[in-house]
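Below you'll find the structure, written out as structure tokens, and then a few comments.
Number of protein chains: 2
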Amino acid sequence: MTEKLSDTGRETTLNPLLDAGWSHDESRDAIRKTYKFADFVEAVGFMTRAAIWAEKWNHHPEWSNVYNRVDVTLTTHDVNGLSALDVKLARKMDVLAAHD
Amino acid sequence: MTEKLSDTGRETTLNPLLDAGWSHDESRDAIRKTYKFADFVEAVGFMTRAAIWAEKWNHHPEWSNVYNRVDVTLTTHDVNGLSALDVKLARKMDVLAAHD
Numbered sequence: 018m019t020e021k022l023s024d025t026g027r028e029t030t031l032n033p034l035l036d037a038g039w040s041h042d043e044s045r046d047a048i049r050k051t052y053k054f055a056d057f058v059e060a061v062g063f064m065t066r067a068a069i070w071a072e073k074w075n076h077h078p079e080w081s082n083v084y085n086r087v088d089v090t091l092t093t094h095d096v097n098g099l100s101a102l103d104v105k106l107a108r109k110m111d112v113l114a115a116h117d
Numbered sequence: 018m019t020e021k022l023s024d025t026g027r028e029t030t031l032n033p034l035l036d037a038g039w040s041h042d043e044s045r046d047a048i049r050k051t052y053k054f055a056d057f058v059e060a061v062g063f064m065t066r067a068a069i070w071a072e073k074w075n076h077h078p079e080w081s082n083v084y085n086r087v088d089v090t091l092t093t094h095d096v097n098g099l100s101a102l103d104v105k106l107a108r109k110m111d112v113l114a115a116h117d
């Protein structure tokens with residue numbers, strides 16, 4: 018079962034993401050990040066690779082793209098807030114973006 | 018040179034798009050459409066295919082995705098409104114979406 022992140026989980030897993038450029042939207046208990054790439058092809062390439070992981074883990078982002086920019090919001094609807102899946106997908110996206 | 022759509026161009030090319038589910042945002046002189054697909058894989062598949070055409074024509078959408086849904090906004094920044102490129106990309110997206 019997916020569970021909402023505990024206070025301990027937030028300290029140990031969420032804080033490093035906040036240091037890595039994610040921000041916490043308290044109203045939705047979601048995390049957000051804006052990635053900027055060299056151009057449209059790099060931005061869409063990132064989305065395509067991230068989409069494969071999202072589908073594999075059955076955990077899908079809310080995201081938008083304008084040219085070289087990708088805005089991502091992650092939260093877990095089933096628990097009405099953040100879960101370990103959001104942390105996992107956020108970390109993966111950071112790794113994928115760093116390869117560009 | 019890309020030019021803003023003329024009144025005649027709007028009648029002949031924009032009206033069919035409005036009939037096909039696009040709406041006209043007058044404040045930005047942009048067109049918008051929401052596509053719904055069977056699932057996330059189909060939605061991202063559509064975006065990937067549309068992205069290749071967008072890049073080929075050097076005309077990029079503003080778009081967002083949440084699970085099976087893709088919201089698209091098209092306008093031409095260079096002319097501060099709609100051009101023939103928006104019509105061309107909108108038609109292509111409709112064809113690509115119909116294949117899903």
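In order, the protein sequence lines correspond to chains A and B. Our numbering applies: residue 18 is where the first sequence begins, and numbers increase by one. Our numbering applies: residue 18 is where the second sequence begins, and numbers increase by one. Backbone N, C-alpha and C define an ideal beta-carbon position, used for all residues, glycine too. Remember, predicted model here, so these are calculated numbers, not experimental data.
Contact between T90(A) and E79(A) holds, since their C-beta atoms are separated by about 4 Å, short of 8 Å. Listed by position along chain A, the residues whose Cβ is nearer than 9 Å to that of E79(B) are S81, N82, V83, Y84. Against chain A, the CB of T65(B) has a partner CB under 8 Å away; the residue lies at that interface. Under the DSSP assignment, A71(A) falls in the alpha helix (DSSP H) whose first and last residues are 57-73. Residue contact with chain B for V89(A): absent (no Cβ-Cβ distance below 8 Å to any residue of chain B).
Chain-order list of chain A residues neighbouring F57(B): A68, A71, E72, H77, by C-beta distance under 8 Å. For D46(B), the three-state secondary structure derived from DSSP is coil.
For the set D36(B), A37(B), T25(B), I48(B), the Cα lying nearest the Cα of H94(B) is the one of I48(B). For V112(B), the enclosing alpha helix (DSSP H) begins and ends at 101-115. Of the candidates E59(B), A101(B), K109(B), G26(B), the residue whose Cα lies closest to the Cα of T19(B) is A101(B). Identification of chain B residues near V96(A) by a Cβ-Cβ cut-off of 8 Å yields none; the smallest Cβ-Cβ distance measures about 17 Å.
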